[in-house]
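Residue numbers (the working numbering): 2 to 136.
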């Protein structure tokens with residue numbers, strides 16, 4: 002019984018750490034992608050299936066859009082031809098999260114991403130602000 006309860010406690014601690022790590026990975030990934038694609042007028046916040054999404058446009062020899070969006074407890078990324086939206090099973094998983102919210106602040110000078118995750122069986126929110134250099 003003692004070993005069993007110790008194993009359950011350890012599993013619970015590992016699950017908490019995993020949720021926090023997933024949230025940090027997701028915010029770091031968003032930061033990296035936005036910085037890679039920070040060109041004037043190319044960073045957008047849109048809705049996808051009722052949830053917030055980031056759309057990073059790339060225009061040049063080949064025109065494409067990178068979508069970062071939330072669906073069914075997963076933050077996903079999908080690269081598509083310009084103007085297309087992701088299909089149901091097109092995205093590549095970034096991390097498991099409870100929710101994802103994104104918005105502009107300061108006259109669109111910053112992109113604010115918020116990710117919620119479970120910690121001790123209650124939702125917590127992590128936030129990352131990316132200052133856009135192209136504005």
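Think of the CB as a built atom: it goes at the ideal place given N, C-alpha and C, for glycine as much as any other residue.
Every value quoted in this text rests on a predicted model; they were computed, and no experiment measured them.
The Cβ neighbour count for residue 27, taken over all protein chains shown within 10 Å, is at least 16; the residue is labelled buried. For residue 96, the enclosing beta strand (DSSP E) starts and ends at 93 to 97.
Counting only runs of 3 or more residues that sit fully inside the segment 16 to 73, the beta strand (DSSP E) segments are 44 to 49, 52 to 59, 65 to 72, in chain order.
Scanning 58, 86, 82, 24 for the CA closest to the CA of residue 48 turns up 86. Counting only residues of its own chain and dropping the five nearest sequence neighbours on each side, residue 132 has a CB closer than 7 Å to the CB of 110, 111. By the Cβ criterion, the segment 90 to 103 is in contact with the segment 63 to 77, since at least three pairs of Cβ atoms, one from each stretch, lie closer than 8 Å. Boundaries of the beta strand (DSSP E) harbouring residue 123: 123 to 132, taken from the DSSP string. Residue 94 sits close to residue 77, with the two beta carbons spaced by under 8 Å. Nearest in C-alpha terms to residue 43, of all of 56, 31, 33, is 56. For the 8 Å CB-CB criterion, residue 83 and residue 58 form a contact. Distance check between residue 124 and each of 7, 3, 24, 4 places 24 closest, using alpha-carbon atoms only. CA-to-CA, the gap between residue 41 and residue 50 works out to about 26 Å.
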